[in-house]
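Undergrad: Below is one structure. I have some questions about it.
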Amino acid sequence: MKKVNFLKGKDFLKLLDFTPEQIEKLIDLAADFKKMKKEGKAHKYCEGKNIALIFEKTSTRTRCSFEVAAYDLGMNVTYLDPTGSQIGKKESIADTARVLASIYDGIEYRGYGQELVEELAKYSKVPVWNGLTNEFHPTQILADFLTIKEHLGTLRGVKFVYMGDARYNMGNSLMVGCAKMGMNFVACAPKKYFPDAALVAECKKIAEETGATITLEECPEKALSGADVIYTDVWVSMGEPAEVWEERIRELSPYRVDTEKMKMAKDSAVFMHCLPSFHDLKTQVGREIGEKFGITAMEVTDEVFESDASIVFEEAENRMHTIKAVMAATL
Ligand code: CP
Ligand code: NVA
209 MKKVNFLKGK DFLKLLDFTP EQIEKLIDLA ADFKKMKKEG KAHKYCEGKN IALIFEKTST
269 RTRCSFEVAA YDLGMNVTYL DPTGSQIGKK ESIADTARVL ASIYDGIEYR GYGQELVEEL
329 AKYSKVPVWN GLTNEFHPTQ ILADFLTIKE HLGTLRGVKF VYMGDARYNM GNSLMVGCAK
389 MGMNFVACAP KKYFPDAALV AECKKIAEET GATITLEECP EKALSGADVI YTDVWVSMGE
449 PAEVWEERIR ELSPYRVDTE KMKMAKDSAV FMHCLPSFHD LKTQVGREIG EKFGITAMEV
509 TDEVFESDAS IVFEEAENRM HTIKAVMAAT L
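Quick note: the sequence shown uses our numbering, first residue 209, plus one each step.
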């Protein structure tokens, strides 16, 4: 078996901590694992190891990806749900980190502030992987970029337009990822939804070295002209109060990805979304909000979501292959 743990012992907390070469290597390793899985070739690179998955927020993709990736690598998994442990309620993050690190070989953490996962990593002697915080969702970006590479053959020079609330985990992490990988990132939203100014400045600095560009644009027509990828995310994220729906719907509806917006981009443009998505009223929240505000879709229309341009389910599958790469590389 070739050596894959080129980041042995390193945490995976945010893309800012990694070089473009390391990110590229993780994406390529994920592609190798994907091929092995499709060909039915065993790849138990982490045989006999044990990992803990801590979820303080709910999840479908991230949890399942960590679990299946771990099994494929030959590992055993413990899942701690938002109510199933003492974390934060009866035991500090620092104490939890030291306890779990003495039992497990790696720890995944999904929670609220980025400072929590950073704290966990500080006190853990084994690698900690960020499974989403309010600020960053780095494993998602690896999956997104693998999917873009599969479709467009490259990341460099790709025009990537993020529509909607760009201040949260997805907008932030995609901007960082695009800056690192020499892509042309555009956040398209009303000004107040632009990413944090300090992070924009940091990304512009990275962009000077990688050839990337970072643009903040209020006009969808300008933003989408020549776009290769159109990306969006929910307008209200996990942990935010329900009261913000009214304002978000009012202010972000002009940024909803619909067929008209897709036509503003290149003919070959693809639609991406980290999921879950409110593209119809077939969910409890979608139905409640839809009925209350008289709309049938939120950040993306069902027509675009179900169109040939939509690659959201390939993107979701790639969560598993890329998370596998992160674990194998760091263990
Ligand atoms: N995209 C993503 O992280 O999905 P889950 O919340 O289902 O894990
Ligand atoms: N911004 C979303 C992403 C979900 C994967 C959230 O934090 O809820």
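The beta-carbon is built from N, C-alpha and C at its ideal position, and this holds for glycine as well. Computed from a predicted model, the values in this text were never measured in an experiment.
Taking DSSP as the reference, what is the three-state secondary structure of Thr-304?
TA: By one-based count along the sequence shown, residue 304 stands at place 96. Helix.
Undergrad: Would you kindly work out how many angstroms separate the C-alpha atoms of Asp-516 and Glu-468, rounded to a whole number?
TA: Within the sequence shown, residue 516 is the residue found at index 308, counting from 1. Within the sequence shown, residue 468 is the residue found at index 260, counting from 1. So the alpha carbons of these two residues sit roughly 15 Å apart.
Undergrad: Give the single residue among Ala-260, Leu-489, Pro-228 whose Cα lies nearest to the Cα of Met-389.
TA: For the purposes of this step, residue 389 is identified with residue 181 of the sequence shown, where counting begins at 1. Checked all of Ala-260, Leu-489, Pro-228; the closest Cα to Met-389 is Pro-228.
Undergrad: Quick check on this structure: which residue in Met-209, Gln-322, Lys-216 has the alpha carbon closest to the alpha carbon of Lys-249?
TA: As a first step, residue 249 is located in the sequence shown; it is residue number 41 there, counting from the start. For Lys-249, the nearest C-alpha among the options comes from Met-209.
Undergrad: Taking 6 Å as the cut-off, is the CB of Ser-445 close to at least one heavy atom of the ligand NVA?
TA: Along the sequence shown, one-based indexing puts residue 445 at 237. Yes, the ligand NVA has a heavy atom inside 6 Å of this Cβ.
Undergrad: Please state if the CB of Val-336 and the CB of Ile-315 are separated by a distance shorter than 7 Å.
TA: Taking the first residue of the sequence shown as 1, we reach residue 315 at position 107. Taking the first residue of the sequence shown as 1, we reach residue 336 at position 128. Cβ distance < 7 Å, so Ile-315 and Val-336 count as in contact.
Undergrad: Nearest CA to the CA of Thr-266: which residue from Phe-214, Tyr-320, Asp-441, Gly-434?
TA: Taking the first residue of the sequence shown as position 1, residue 266 is located at position 58. Taking only the C-alpha atoms, the option nearest Thr-266 is Tyr-320.
Undergrad: Considering only C-alpha positions, which residue in the set Cys-396, Leu-363, Val-408, Gly-361 is nearest to Met-384?
TA: Residue 384 sits at position 176 when you count from the first residue of the sequence shown. The sequence given here places Val at residue 384; Met does not occur at that position. Selected option, being the one with the closest Cα: Val-408.
Undergrad: What are the complete alpha helix (DSSP H) segments, minimum 4 residues, inside the region 302-343?
TA: Taking only runs of at least 4 residues, the alpha helix (DSSP H) segments lying wholly in the region 302-343 are 322-331.
Undergrad: Return yes when the Cβ of Val-493 is within less than 7 Å of the Cβ of Val-437, no when it is not.
TA: Reading the sequence shown from its first residue, position 229 is the one you call residue 437. Reading the sequence shown from its first residue, position 285 is the one you call residue 493. Contact: no.
Undergrad: Is there contact here, the region 517-532 with the region 347-356, by at least three beta-carbon pairs under 8 Å?
TA: Yes, since at least three Cβ pairs between the region 517-532 and the region 347-356 fall closer than 8 Å, the two stretches touch.
Undergrad: For Ile-295, collect the residues of the same chain with a Cβ closer than 6 Å to its Cβ; drop the 5 residues on either side in sequence, then sort them by chain order.
TA: Residue 295 sits at position 87 when you count from the first residue of the sequence shown. Cβ neighbours of Ile-295 beyond the five flanking positions: Thr-304.
Undergrad: Between Tyr-370 and Tyr-439, is the Cβ-Cβ spacing less than 7 Å?
TA: What you label residue 370 is simply residue 162 of the sequence shown in a count that begins at 1. What you label residue 439 is simply residue 231 of the sequence shown in a count that begins at 1. Yes, Cβ-Cβ distance for Tyr-370 and Tyr-439 is below 7 Å.
Undergrad: Is any heavy atom of the ligand NVA found at a distance shorter than 6 Å from the C-beta of Asn-377?
TA: Indexing the sequence shown from 1 puts residue 377 at position 169. Under cutoff, so the answer is yes.
Undergrad: Any heavy atom of the ligand SAH within a distance shorter than 6 Å of the CB on Leu-483?
TA: The ligand SAH is not among the ligands present in this structure, which contains only the ligand CP and the ligand NVA.
Undergrad: Along the chain, where does the alpha helix (DSSP H) that runs through Leu-360 open and close?
TA: Here residue 360 refers to the residue found at position 152 of the sequence shown. Run containing Leu-360: 346-360, per the alpha helix (DSSP H) assignment.
Undergrad: Is the closest heavy atom of the ligand CP to the C-beta of Thr-530 under 6 Å?
TA: In the sequence shown, residue 530 corresponds to position 322, counting from 1. No; taking the cut-off as 6 Å, the Cβ of Thr-530 has no heavy atom of the ligand CP nearer than that.
Undergrad: Excluding the five sequence neighbours on either side, which residues of its own chain have a C-beta within less than 6 Å of the C-beta of Phe-501, listed in chain order?
TA: Reading the sequence shown from its first residue, position 293 is the one you call residue 501. The answer, listed in chain order, is Ile-457.
Undergrad: Do the CB positions of Ala-397 and Ala-415 come within less than 7 Å of each other?
TA: As a working mapping, residue 397 is identified with position 189 in the sequence shown. As a working mapping, residue 415 is identified with position 207 in the sequence shown. For Ala-397 and Ala-415, no; Cβs fall outside 7 Å.
Undergrad: Just grab the DSSP bridge partners of His-481 for me.
TA: As a position in the sequence shown, residue 481 is number 273, starting the count at 1. DSSP, once it has assigned bridges, lists Thr-440 as partnering His-481.
Undergrad: Could you check where the alpha helix (DSSP H) with Thr-268 kicks off and where it finishes?
TA: Here residue 268 refers to the residue found at position 60 of the sequence shown. Here Thr-268 belongs to no alpha helix (DSSP H), and DSSP marks it neither H nor E.
Undergrad: Looking at Met-480: is its Cβ nearer than 7 Å to the Cβ of Ala-277?
TA: Taking the sequence shown and counting its residues from 1, one reaches residue 480 at position 272. Taking the sequence shown and counting its residues from 1, one reaches residue 277 at position 69. Contact: no.
Undergrad: Let me check one thing: in DSSP terms, what residues is Cys-396 bridge-paired to?
TA: In the sequence shown, counting from the first residue as 1, residue 396 sits at position 188. Note: Cys-396 sits in a beta bridge opposite Met-371, Glu-425.
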